[in-house]
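In full-length UniProt numbering, the protein residues as written are 1 to 266. In what follows, a single structure is set out as structure tokens and then discussed.
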Amino acid sequence: MSISTPGGPERRPTVVSTGKKPAAGRPASGAKAGSGKPAGTPRAGGKGPRKPIAPVKVSQGRAWGPIALFVAVGVLAAGIIGYGAWASFQGSKPWDKRANAIDGIVNIRKSDPDSLKYEAHKSGPLTYKYSPPVGGVHNAAWQNCMGDVYDAPIASEHAVHSLEHGAVWVTYRPGLPQDQIDKLAGKVRGVEKMLMSPYEGLDKPISLQAWGFQLKVDNADDKRIDEFIKDLRVNASVEGPTALCNTGITATGTTPRELPAQQPTQ
1 MSISTPGGPE RRPTVVSTGK KPAAGRPASG AKAGSGKPAG TPRAGGKGPR
51 KPIAPVKVSQ GRAWGPIALF VAVGVLAAGI IGYGAWASFQ GSKPWDKRAN
101 AIDGIVNIRK SDPDSLKYEA HKSGPLTYKY SPPVGGVHNA AWQNCMGDVY
151 DAPIASEHAV HSLEHGAVWV TYRPGLPQDQ IDKLAGKVRG VEKMLMSPYE
201 GLDKPISLQA WGFQLKVDNA DDKRIDEFIK DLRVNASVEG PTALCNTGIT
251 ATGTTPRELP AQQPTQ
């Protein structure tokens, strides 16, 4: 193409070459080839596109501490409620079923009921199948059982009558350590329908009797002693809870005595 100027020759435009050819299909500056993504945001001061910022990951883990505490409290509460329900159920059982559940107890009412039968009171010395006796024929006079602690043997004939009235008779082998005797006495002294005395010939250090039931243990700390007393005192009475335990024989000695004149017959 020529350009004419007034009064001068025709001149061609000057073309300045850089010596470089533009690349075919090259994208505009700031865009990545083939990415299909827009260029980064330019930074201030013309320093080129800003790199994309990676998102910060926030942990979504569970707070196990509070969860564990909540579970522990729930388990404890369930245990307390469960035990309360169990204890309530146990307490609602008939007394004889609770007694039968005591480990080591002997239920003569069930195993040998004939040994407990009698037709009338008898005077004088009597023979018993079990030692100490747990029931059967007995003297007309009962041994006082108002929480009496006797320091010498008593007549079985009177003690069996006390059992008939619902008493628990605690016996122990002579020579038992004094601290053991004191612990037993603490469970008996002053408690109606309870009596205690030493007994010769025991095959265990301690033996407990109620009418038709017996439990022998080695130590006064045995928790079954309290269970036996709780379940059988009064409950094991053959004549009901109103049967007397006062106005009975208070003397010691294994020879049975005659019925005191002031004592009613029961």
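Virtual Cβ for every residue (Gly too), placed ideally from N, Cα, C.
- Only residues of its own chain outside the window of five on either side were considered, and among them K204 and S207 have a CB closer than 6 Å to the CB of K216, listed in chain order.
- For Q178, no beta strand (DSSP E) encloses it; the enclosing alpha helix (DSSP H) starts and ends at Q178 to V188.
- According to the DSSP assignment, I229 belongs to the alpha helix (DSSP H) that extends over R224 to L232.
- In this structure, the CA atom of W64 is about 42 Å from the CA atom of S92.
- Look at the segment 88-119 and you find these whole runs of alpha helix (DSSP H), each 4 residues long or longer: 95-100 and 108-111.
- When the five nearest sequence neighbours on each side are left out, the beta carbons in the same chain lying within less than 8 Å of the beta carbon of F228 are those of A99, I102, I105, V168, L208, A210, F213 and L215, in order along the chain.
- The continuous stretches of beta strand (DSSP E) do not include L163, which lies in the alpha helix (DSSP H) extending over residues S156 to E164.
- The C-alpha of E157 is placed about 7 Å away from the C-alpha of L126.
- Secondary structure of L208 (DSSP, three-state): strand.
- Along the segment 234-259, the alpha helix (DSSP H) does not occur as any fully enclosed run of 4 or more residues.
- If you ignore the 5 residues before and after I154, its C-beta comes within less than 6 Å of the C-beta of Q143, S197 and T252, all in its own chain and listed in chain order.
- Nearest Cα to P132 within the set A140, G147, L163 and V149: L163.
- DSSP places G147 in the strand class (E or B) of the three-state scheme.
- For A152, same chain residues with a beta-carbon under 6 Å away, outside a window of 5 residues either side, are T252 in chain order.
- Beyond the five residues adjoining it in sequence on each side, D221 comes within less than 8 Å, by CB distance, of K183 in the same chain, given in chain order.
- Judged by beta-carbon spacing, G190 lies beyond the 9 Å limit of V160, meaning their Cβ atoms are not closer than that value.
- Judged by beta-carbon spacing, N219 lies beyond the 9 Å limit of D96, meaning their Cβ atoms are not closer than that value.
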